[in-house]
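Notes follow once the structure below has been shown.
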Amino acid sequence: MSSEKAMVDQESRLSRLISTTVGYGTVIATMAMLFFFLILPVGVIVSKAFYSENGLTLEYFRLLFANDLQTVAIWNSILIGLATTFFCMMLSIPLSMINTKWVFPGKTLLSGLLLVPMVMPPFVGAIGIQRFFARRGSINMLLLENGWIDAPIDWLAEGNKFWAVVILEVLHLYPIMYLNLSAALANVDPSLEEAAEVMGVPRWRRYLQIVWPLAAPGLFAGSIIVFIWALTDLGTPLLVGFHDSMPVRIFNMVTDVNENPVGFALVFVVILLTVCIFLASKFMFGTKKYDMMAKGHVTSGVQKAGLLRTAMIYVVVGGTILLALIPHISVLITSISDQWFLTVLPEQYTLRYYEQIFQTDLPFTGIKNSFLFSMGSTLLDLVLGLLVAYVVTRKLVPMSGFLDGLVMIPLALPGIVLAFGYVITYTDTFLDPLENPVPLLIIAYAIRRLPFMVRSASAGLQQTSYSLEEASACFGASRFYTLRKIVMPLVAANLIAGGLLCFAYAMLDVSDSLILAMKDQYYPLTKAIYALFLEQGSGEFVSSALGMVGMLILTVCIVGASLILGKKMGELFRS
Amino acid sequence: MEVTLDKIDKRYDSTYAVKNLDLKIEEGALHFFLGPSGCGKTTTLRMLAGLEKPTAGRILFGDKDVTSMPAADRGIGMVFQNYALWPHMTVRKNIEYGLKLRKLSKVEIQQRLDDVVGITQLDGYVDRLPGQLSGGQQQRVALARALAIRPTVLLLDEPLSNLDARLRLDMRDNISRIHKQTRITTIYVTHDQKEALSMGTAVSVMKQGHMIQTGAPRTLYNHPNSSFIASFIGETNLLIGKVTDIASDEYTVETEFGLFKTTRVVGQYKVGDEVHVSIRHEAVGVDFGKEPLVADIKLKLRLEHLTYLGESEQFKFRNDAGAFFKATVFHTPEHSICDGDEVTCRVSAEDILILPYQADTDSGT
Chain A
7 MSSEKAMVDQ ESRLSRLIST TVGYGTVIAT MAMLFFFLIL PVGVIVSKAF
57 YSENGLTLEY FRLLFANDLQ TVAIWNSILI GLATTFFCMM LSIPLSMINT
107 KWVFPGKTLL SGLLLVPMVM PPFVGAIGIQ RFFARRGSIN MLLLENGWID
157 APIDWLAEGN KFWAVVILEV LHLYPIMYLN LSAALANVDP SLEEAAEVMG
207 VPRWRRYLQI VWPLAAPGLF AGSIIVFIWA LTDLGTPLLV GFHDSMPVRI
257 FNMVTDVNEN PVGFALVFVV ILLTVCIFLA SKFMFGTKKY DMMAKGHVTS
307 GVQKAGLLRT AMIYVVVGGT ILLALIPHIS VLITSISDQW FLTVLPEQYT
357 LRYYEQIFQT DLPFTGIKNS FLFSMGSTLL DLVLGLLVAY VVTRKLVPMS
407 GFLDGLVMIP LALPGIVLAF GYVITYTDTF LDPLENPVPL LIIAYAIRRL
457 PFMVRSASAG LQQTSYSLEE ASACFGASRF YTLRKIVMPL VAANLIAGGL
507 LCFAYAMLDV SDSLILAMKD QYYPLTKAIY ALFLEQGSGE FVSSALGMVG
557 MLILTVCIVG ASLILGKKMG ELFRS
Chain B
2 MEVTLDKIDK RYDSTYAVKN LDLKIEEGAL HFFLGPSGCG KTTTLRMLAG
52 LEKPTAGRIL FGDKDVTSMP AADRGIGMVF QNYALWPHMT VRKNIEYGLK
102 LRKLSKVEIQ QRLDDVVGIT QLDGYVDRLP GQLSGGQQQR VALARALAIR
152 PTVLLLDEPL SNLDARLRLD MRDNISRIHK QTRITTIYVT HDQKEALSMG
202 TAVSVMKQGH MIQTGAPRTL YNHPNSSFIA SFIGETNLLI GKVTDIASDE
252 YTVETEFGLF KTTRVVGQYK VGDEVHVSIR HEAVGVDFGK EPLVADIKLK
302 LRLEHLTYLG ESEQFKFRND AGAFFKATVF HTPEHSICDG DEVTCRVSAE
352 DILILPYQAD TDSGT
C-alpha cells in the first residue's frame with residue numbers, strides 16, 4: 007500500500023505543478039489576449055479621438071458635429087436601431103407567447119423555421135431583395151401585369167432605403183429577440199400566473215402585472231443586442247446603398263483615417279452609445295433579479311390550441327416565416343436564374359453560377375479562406391472558452407468575476423469598432439493587415455465569438471456537480487487529468503454546440519472581414535460576396551450563389567447547435 | 002490507520018465552521034460525526050479528505066501530518082452524499098478509475114474489481130451506466146469505488162440520506178458488514194442518530210462547530226455530558242430546576258413539576274444553582290390502573306394529547322402553568338385514558354439526571 011501511495015505522490019506532484027501552471031497560464035494568456043486585441047485597440051481609438059499634435063483636443067468632435075452629413079448619419083443609425091428594435095419586439099412578443107403557451111400541430115417545425123433568418127447575414131438578403139424590388143424587378147412586374155399600377159414604383163428610391171435597411175435588419179434579428187423572450191417567459195413559473203387566476207384576475211391583467219414584469223429582463227436583454235447589432239451592422243446599409251449611416255461612413259474612413267481623424271471621433275461616438283446602453287441596462291435591471299421559487303410540481307402551463315386558435319397561430323407564425331424568408335427566396339431565385347428580364351420570375355434556370363464558384367478564383371478562395379479562418383478561430387475559442395469557463399465557474403483564481411466580465415465585453419462591442427481599432431493599432435507592425443490579415447482575422451473572429459463559447463461551456467459546467475471532480479481528486483487524479491477525463495466528456499455537448507455557433511458566426515462575419523481583408527487572396531466568404539456584387543456582368547448572380555453556399559453551411563451548423571442545446575440556445579444571446 | 006485531529010479550526014470569513022476540534026479516531030473504528038445540519042460535521046470530513054484546508058491545527062494519519070497534503074495524495078476513499086458517480090462511465094470504469102491512476106497491473110485491477118463487486122453485491126451490473134441503476138445500487142457502486150483503492154481511511158458523507166427508509170435499513174447492515182470484513186478505519190457523517198447509534202463503534206456529536214461529546218453509543222445515551230446531548234440523543238424531558246438541598250451525594254431539585262431527588266449528577270453545584278433535569282420519555286411510567294404503582298416519584302398530570310403508534314404510545318402532559326412533560330410507553334395494556342384525563346406517572350430516581358443548565362437547549366417540547 008505504501009509503495010502505491012508513493013507512486014501517486016510523485017506523479018501527482020508533477021501533474022499538480024502542470025495544472026497550476028495551466029490554470030494561471032490560462033488566465034494570463036486570456037488577459038493578455040483580451041488586453042492586446044480588445045482593450046488596446048479601443049484605447050487607441052479613444053486616445054486618438056481626443057489627442058492631436060497639439061495635445062488634448064475636442065476639435066475632431068467639433069468637426070464631426072459641424073458636418074451635417076456626419077450628424078445625419080449618426081441620427082440615421084440610431085433611428086435604424088430604434089426602429090429595428092421596436093419592430094423586432096412587435097414581432098417577437100406574439101411569437102414567444104404562442105411558443106410558451108400553446109401546442110399545435112407542426113409546432114416543432116414552425117419554431118425551427120422561425121430561426122432560419124439567423125443563418126444569413128442580412129447583407130446577402132440585400133442582394134436578393136434588390137432583384138425583387140428593383141425598378142424592373144419581380145414585384146413591379148407582378149403589379150404591372152395585373153394592372154394594379156401603371157408605372158413601376160421605385161421601391162428602392164433614396165428615400166426608401168432607410169426602411170429597406172430596417173426591414174432587412176428586422177427580418178434578420180427578430181429570432182434573437184424571440185429566443186430571449188421565449189427563454190424569459192418559459193422561466194416564469196406558470197403557478198405564479200395560476201395563483202392570480204384563482205384570485206380572479208383577468209387574463210390581460212395577469213399578463214400586464216405578473217408575466218411581463220417577470221419576463222422584462224429577457225425582453226430588455228434581447229432589445230439591447232438587437233439595437234446594437236442594428237446600429238452597427240455594416241453589410242446591409244452598404245449593399246442596399248444607404249450611405250448615410252454611421253457604419254458605412256466609418257468603413258469609408260478606415261483607409262484614410264490618418265489624414266482625416268474625424269473617423270476616430272465617429273467610432274468613439276459608437277463606443278459611447280454602446281457603453282451608455284449597457285450602463286443603462288445594468289442600472290435598470292442589474293440589481294433587479296427575481297428568484298423563481300423552487301419549482302416543485304411544475305405545471306407546464308402549455309395548453310392545446312383549439313381549431314380557431316390554431317388557425318390564428320398559423321397565420322401569425324406562417325406569415326412571419328414567409329416574410330422572413332423573402333430575402334432568402336430572392337437570393338435563391340437570383341442564384342439560379344438564367345434569362346431574367348422584365349418578368350416576374352426568371353424564364354430559364356441554370357446552375358451555371360454554382361459551377362463558377364468552383365471554377366473562378368475569388369469565390370472559391372473566399373470559401374476556403376473562411377473555412378480555414380473560422381476553424382482557427384473556433385479552435386482558439388474552444389480552448390480559451392473551456393478554460394476560462396472552468397476557471398470562472400470553479401473560482402480557481404482570485405477576481406474570477408472580473409475575468410468573466412472581461413470575456414463578455416465582445417458581445418457588446420460592435421465589430422466595426424474592433425476592426426477599426428485593429429487597423430489603426432497594428433498597421434506598420436508585424437501584424438499589419440495590409441500585409442497579411444490572417445492572424446488578425448482569426449483573432450478578431452475568435453474574440454468576438456468567445457462569449458458564446460464561454461457561456462455555452464459555463465452552462466454545462468454549472469450543471470455538472472463539483473463533487474464529480476472532487477471524487478476524482480480523492481482517487482488521486484490531478485486537476486488536469488480530471489479536466490480531461492471527467493469534465494470534458496460531460497460538457498462535450500455544450501462544447502460542440504458552442505463551437506458550431508462560433509464557427510457559424512465566424513463564417514458570416516461581415517465587419518471584420520470587410521475591413522481587415524484588403525487583398526484578394528485573403529478575402530473571406532463575406533468579402534468575396536461583396537466584391538462579386540460590385541462586379542459588373544454576372545457578379546450579382548455568382549455572389550447570390552455564393553451566398554446560398556454560405557447559408558447552407560451555416561444552416562447545418564445552427565441546426566446542429568440547436569439540436570444539441572435545445573431550449574438553452576436563447577441563453578447564449580443574453581448580455 | 003489512526004486519525005488525529007489536533008486543535009482544528011475552520012473559519013469562513015469571520016464565522017467558524019469548526020472550532021478547536023481535538024479528536025483521536027482509533028484504527029479500525031467506524032466513527033460517526035453526528036449533528037444537526039450546519040454543525041460542521043461535513044466540513045470536518047472534507048478537511049479529513051483534503052478538500053478543505055483547516056484554518057489552524059493539524060490532521061495526522063497515523064504519525065504523518067497530512068494537514069496540507071492535497072486530497073489526491075492522501076489515499077482516502079470517499080463516498081459523497083450524491084455519490085458523485087461519473088455518469089459517462091460504466092460501473093466498471095467508475096471502479097477502475099482510481100486503480101488505473103495507481104498504475105496497477107491488469108490482473109490486479111480485475112482482481113480488485115471482482116473483490117469489491119462481490120463485497121457490495123453488484124455482480125451483473127458492472128457494464129451498466131450509473132443512470133441505469135437504482136438509488137441503492139448507485140450507493141453501492143460509490144462504496145465499491147471507494148473500497149477498490151484499499152483506502153487508508155474511508156470517508157462517508159451522509160451516504161444513506163438519499164435512500165428511502167426501507168433501503169436505508171438494508172444499507173446500514175451492508176455497511177456494518179463491509180466494515181467488519183475490511184476493518185478499514187471509517188469515518189461516517191450523518192444527521193440520523195439511529196444510524197450512528199446502531200452502527201458506530203464511537204460517535205462524536207457536534208453542534209455549531211464544536212464537538213460536544215465523543216463516546217460509544219451507550220455512553221452517549223446513558224451518560225450525556227450536557228443537556229444538548231441528552232436531548233439530541235434519544236428524547237428527553239428537560240426541566241429547568243433549582244438545587245434546593247444536597248445531602249451527601251443526593252441532590253434535590255425543585256422544578257415546576259415538583260421535587261426530584263437523584264444521585265446522578267453531571268457537574269458540581271451548590272444550593273440555589275440553576276440546573277437542567279433530564280428524564281427520558283421512555284423512562285416515565287404511566288399508571289393504567291392495572292398493577293400497583295411502585296416508584297420513587299409520582300406525578301399527577303393532565304393529559305393534553307395522546308399519540309397512538311402501535312408498538313408504543315406517546316403521552317403529552319401539561320401542567321397548569323402550560324409546561325409539557327412527555328412519556329413514551331411501549332407495549333401498553335388496553336386502557337381507556339383519553340385527552341383531558343388526569344393521569345399518574347412514575348419516575349425512578351436512577352432515571353433522573355442532573356445536567357448543567359444550558360439556556361439555548363431545546364427541551365424537545
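As they're listed, the protein sequences go chains A and B.
FYI, in the working numbering the residues of the first sequence are 7 to 581.
FYI, in the working numbering the residues of the second sequence are 2 to 366.
Each residue gets a CB set at the ideal place from its N, CA and C atoms; glycine is no exception.
Which bits of chain B does residue i rub up against, with CB to CB less than 9 Å?
i	result
L496 of chain A	W87, P88, H89
Counting only Cβ pairs nearer than 7 Å, list the residues of chain B close to residue i.
i	result
C282 of chain A	Going along chain B, no residue has its Cβ under 7 Å from C282 of chain A, so there is no contact; the nearest lies around 36 Å.
At a CB-CB cut-off below 8 Å, which residues of chain A make contact with residue i?
i	result
F81 of chain B	S473, E476, A477
Give me the chain B residues within the contact set of residue i, using Cβ-Cβ distance strictly less than 8 Å, ordered along the chain.
i	result
G482 of chain A	A73, D74, G76, G99, L102, R103, I150
Determine, for residue i, whether the minimum Cβ-Cβ distance to residues of chain A falls below 8 Å.
i	result
L164 of chain B	no
C346 of chain B	no
S364 of chain B	For S364 of chain B, the pLDDT reaches just 46, beneath the cut-off of 50, and the residue's location in the model is therefore unreliable, although a value from the coordinates is still provided. So no, S364 of chain B is outside the interface.
Rounded to the nearest angstrom, how far is the Cβ of residue i from that of residue j, given a contact under 8 Å?
i	j	result
G566 of chain A	L531 of chain A	About 19 Å; that fails the 8 Å criterion.
G247 of chain A	K167 of chain A	6 Å
V323 of chain A	I564 of chain A	So it is not a contact: roughly 19 Å between Cβ atoms.
V394 of chain A	L409 of chain A	7 Å
F33 of chain B	T237 of chain B	That belief does not hold up - the Cβ atoms of F33 of chain B and T237 of chain B are roughly 20 Å apart, past 8 Å.
K54 of chain A	F257 of chain A	With 8 Å as the limit, K54 of chain A and F257 of chain A do not qualify as a contact, their Cβ atoms being about 17 Å apart.
T36 of chain A	L390 of chain A	6 Å
R347 of chain B	G259 of chain B	The Cβ separation is near 12 Å, so there is no contact.
V232 of chain A	T90 of chain A	6 Å
P158 of chain A	R141 of chain A	5 Å
F481 of chain A	L102 of chain B	6 Å
L85 of chain A	A132 of chain A	Not quite, the Cβ-Cβ distance comes to about 18 Å (not below 8 Å), so this is no contact.
Do we get a CB-CB distance below 8 Å when we pair residue i with the residues of chain B?
i	result
I559 of chain A	no
L23 of chain A	no
Examine chain E for any beta-carbon lying closer than 8 Å to the beta-carbon of residue i, and answer yes or no.
i	result
L307 of chain B	The chain inventory of the structure shown lacks chain E, comprising the protein chains A and B.
>> In chain order, what are the residue ranges of uninterrupted alpha helix (DSSP H) at least 4 long that sit wholly in the segment 7-90 of chain B?
In response: 42-50, 72-75
> Residues in the segment 48-69 of chain B with C-beta within 7 Å of chain A's C-beta atoms, listed in sequence order?
Replying inline: A50, L52
> Could you give the uninterrupted runs of the beta strand (DSSP E) lying entirely in the segment 88-125 of chain B, keeping only those of 3 residues or more?
Replying inline: none
> If contact means a Cβ-Cβ distance below 7 Å, which residues of the segment 487-512 of chain A contact chain B?
Replying inline: I492, P495, L496
> What alpha helix (DSSP H) runs, 4 residues minimum, are completely inside the segment 446-498 of chain A?
Replying inline: 472-480, 485-488
>> My parser needs the beta strand (DSSP E) runs of 3 or more residues fully inside the segment 115-179 of chain B; what are they?
In response: 154-158
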